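First to last, the sequence lines map onto chains A and B.
The working numbering numbers the first residue of the first sequence as 587 and each following residue consecutively.
The working numbering numbers the first residue of the second sequence as 94 and each following residue consecutively.
Glycine residues also receive a C-beta, built at the ideal position from the N, C-alpha and C atoms.
The structure displayed is predicted, hence computed values, not measured ones.
What follows is a single structure, written as structure tokens, with notes after it.
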Amino acid sequence: MKKNAIISLADSNYFPLLEELIESIKSFKESNDIAICILDAGLTKEQKEKLSKNVDEIKLAKWDIEVPENKIKGREWLKSQVSRAFLPNYFPSYDKYLWIDCDAWVNDWKAIEIYFKACDDGKLGITQTIGPGYKITSRVNWIIGKLAIIKSQNFKHAVKSNISYAKARKLAFAPHINIGVFSLEKNSTSWNSWQKNLEQTLKGGDIFGSEQLAMNMSVYIDNIETEFLPLNCNWITSNLLPKFDEENSTFVEPYLPNYKIGIMHLAAGIWKDKKDMRLNKEITIDIKTLDGKTISKSLRFNN
Amino acid sequence: MIKKNVIISLADSNYFELLNELVDSIKRFKQSETTAICILDGGLTDEQKKILASKVDEIKSSEWDIKISQFKTMGKKWLKSLITRAFLTEYFPNYEKYLWIDADAWVNSWEAIELYFRGCENNKLCISTNADRAYGGTRVNWVLGSFARIKSQNYKHAKASGFSEKIAREVAFKPHLNAGVFSLAANAPHWKMWRKNLEFSLKSGKVWGSDQIALNITIYHDNLPVEILPAYCNWTHVGGMKYDEEKKTFVEPYLPNHEIGIIHFAGKHNDEIRNNKNVLSKIECLDGKIIETKLRFNNE
């Protein structure tokens, strides 16, 4: 009986990425005790058949909160923005849930362990997009002197979603939380807070990013108990490129002590010649090694 | 034995106890035997210097390395520490790598010292930022709707030090580099640039904060190379630490609860601890228990 589950979601376009995520998980012996569950947001029959041999459960993602068709515009994958707030409804047999976006992969099992530990006692285990090497803590449009219009991701999104200014301001300079990797226990009250906020953000704004804004509201406005994990637990490559440790054949943080990347997340893509590495496995980019060399590498799993 | 690396600090007579604790916190590690400790005297008594002399390699009297009007210093000799740290190679020219640690900090784990000495290789400034999960965000005064007056530390200090609006805006949202702990190699280009920026800021603005903003501008405007260390290498969020009872050490508040490297009582909110060695602080243990303990280094 597996107590903990790692869950992801994909449509047919992201199937190769999802497969790589699963392979990356299964490359660790410790994964034998962890269930892998998949939400289907538009996979083909063949893809599901292939997946079913490698995972514990596959369920069809639904619109868990009703969203008008004019917002969906046929983009069924947007269900991922909603369904991840309802994981215990889909897969009720587990104690702890770890969501990993399908454009991420596991480089070090320690990150998985830390997420499952972080969510003990009802806490949310998650990573903020701040840490050594991040060059900018916020964005503004300067007007005159010290006066500026605040354009931080959380603030802009909150205002656009008709969240009150009082609440939006609480989010404005709080380090943005990326919802692509998080852990929660089945009975955590944080699910309720998140779902309530999600209902509000879906009503007021775009579907894309609504679940992220809702979670930021839960953490910074509702003050749900949160364990903030180190950056290497959700390393967003578009924010800061990792370095490569040739001796140990692994990706590491670019600054000392060069911690091993736990989960590599290609959120927002890595673009070269207008092509996204997420959709094109052949794309390589310049990566620095620990001894200062530059090598050409893909950031996808097993490349 | 010739010591290649040096740790340097400065104090006046008021901060002697803190400085003495810093020195003791360094010397309890066996690895410190190969590292020199040098002290800049910013107004110590003869007796205090005598106590220190038996523990450290060199003591030198700190000067006003950049001339400042008395009107700006108001007799506060300790303000020298803000200037002299940019001139360490002039005071103690015999070393290859320099690690400055403010007197109101102490070493909890030698790992941090090793990282600083490693981080300044290849002519990089090695320093830690407040861009960390345990620290808060930027400060602003909201005006109306999306409009706000920016009050970030870097912006305020850049303006107060007479730097242009363009530079102040450029550094406003960059993670603040705390100059209380940093390392640089003797030949790093930063010294020259930092002194130039410091001279400008001292001429145009206040002494307090001038060193720090000059250093931030050296990195963020002049683009000199930098190695950013984790926040635990210069931990100023003292109230946010946790205590690991099993290992008897202070650790980061969040998983994996890494041991704090250098504990730094920077900022007004730490006045009480700086001024009274015996003050008890409430601190959470890893198992959630709250205990009362002294946060100063215990050298008794």
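- Query: Thinking C-alpha only, which one of A205/B, V236/B, L112/B is nearest N391/B?
  - Reply: L112/B
- Task: Starting from the beta carbon of T329/B, find every residue of chain A whose beta carbon is closer than 9 Å, and list them in chain order.
- Result: Those do not exist, as T329/B stays about 15 Å from chain A at its closest Cβ, beyond 9 Å.
- Query: Since T177/B contacts N271/B with CB under 8 Å, what's their CB separation in whole angstroms?
  - Reply: About 17 Å separates the CB atoms of T177/B and N271/B; that is not less than 8 Å, and the two are not in contact.
- Query: Shorter than 9 Å from the beta carbon of F741/A to some beta carbon of chain B?
  - Reply: yes
- Query: DSSP state of G273/B, grouped into three classes?
  - Reply: strand
- Message: Any beta carbon of chain A sitting closer than 9 Å to that of L291/B?
- Response: no
- Distance, Cα to Cα, I593/A vs H269/B? 37 Å
- Query: In the structure shown, what three-state DSSP assignment does A591/A receive?
  - Reply: If DSSP states are grouped into helix, strand and coil, A591/A belongs with the strands.
- Check each candidate in T823/A, A621/A, Q781/A, S613/A and name the one with the smallest Cα separation from D642/A. A621/A
- Sheet register partners of H851/A (DSSP bridge): A690/A, I822/A
- Message: In whole angstroms, give me the CA-to-CA distance for A744/A and G333/B.
- Response: 29 Å
- Cβ contact (3+ pairs, closer than 8 Å) linking the region 814-824 of chain A and the region 776-787 of chain A: no
- Item | K278/B and C213/B closer than 9 Å at C-beta | At residue 278/B the sequence reads Ala, which differs from the Lys that was named. Their beta carbons are under 9 Å apart, which means A278/B touches C213/B by this criterion.
- Query: Is DSSP giving K123/B helix, strand or coil here?
  - Reply: helix
- Message: How far does the alpha helix (DSSP H) with W780/A in it extend, from its first residue to its last?
- Response: 776-790
- What do you reckon, are the CB atoms on E771/A and D681/A nearer than 9 Å? yes
- Task: Report the neighbours of L208/B on chain A: residues whose CB is nearer than 7 Å to its CB, in chain order.
- Result: The answer, in chain order, is L842, P843.
- Establish whether the CB of T723/A and some CB of chain B are separated by less than 9 Å. yes
- Message: S598/A and L646/A - do their beta-carbons sit closer together than 9 Å?
- Response: no
- Query: Hey, S254/B and S297/B: beta-carbon distance below 9 Å or not?
  - Reply: yes
- Query: So is G273/B buried or exposed if we call it buried at 16+ other beta carbons inside 10 Å?
  - Reply: buried
- Terminal residues of the beta strand (DSSP E) in which S303/B lies: Here S303/B belongs to no beta strand (DSSP E); instead the alpha helix (DSSP H) covers 303-313.
- Flag this pair as touching only if the region 758-772 of chain A and the region 844-859 of chain A have three or more C-beta atom pairs under 8 Å; answer yes or no. yes
- Query: What residues in the region 745-757 of chain A bring their beta carbon closer than 7 Å to a beta carbon of chain B?
  - Reply: V745, Y751, R755
- Query: Between the region 288-296 of chain B and the region 224-244 of chain B, are three or more C-beta pairs nearer than 8 Å?
  - Reply: Segments in contact, no.
- Measure from the C-beta of F128/B to each C-beta in chain A and report whether the shortest distance is under 9 Å. Reading the sequence as shown, one finds Thr at residue 128/B and not Phe. Answer no: the Cβ-Cβ gap between T128/B and chain A never drops below 9 Å.
- Task: For Y683/A, name the three-state secondary structure that DSSP assigns.
- Result: strand
- Item | C-beta contact flag for G717/A and D225/B at 9 Å | yes
- Excluding the five sequence neighbours on either side, which residues of its own chain have a C-beta within less than 7 Å of the C-beta of I644/A, listed in chain order? I624, D626, K634, L637, S638
- Task: Run the CB neighbour count on H362/B, radius 10 Å, all protein chains shown included, and call it buried at 16 or more, exposed below.
- Result: exposed
- Query: Whose Cβ in chain A lies nearer than 9 Å to the Cβ of K123/B?
  - Reply: Correct list: empty, because the minimum Cβ distance to chain A is about 21 Å.
- Using a beta-carbon distance cut-off of less than 7 Å, what residues from the region 692-719 of chain A approach chain B? The region 692-719 of chain A vs chain B, Cβ under 7 Å: I700, K703, A704, Q714, I716, G717, P718, G719.
- Message: Alpha carbons only, please: which of T342/B, I260/B, E126/B, L322/B is nearest the one belonging to N316/B?
- Response: I260/B
- Message: In the DSSP assignment, the alpha helix (DSSP H) including K370/B goes from what residue to what residue?
- Response: Run containing K370/B: none; DSSP gives neither H nor E here.
- Could you tell me whether the Cβ of K190/B comes closer than 9 Å to any Cβ of chain A? no
- Beta-ladder partner(s) of A104/B, from DSSP: Residue pairing for A104/B: DSSP places it in a beta bridge opposite D134/B.
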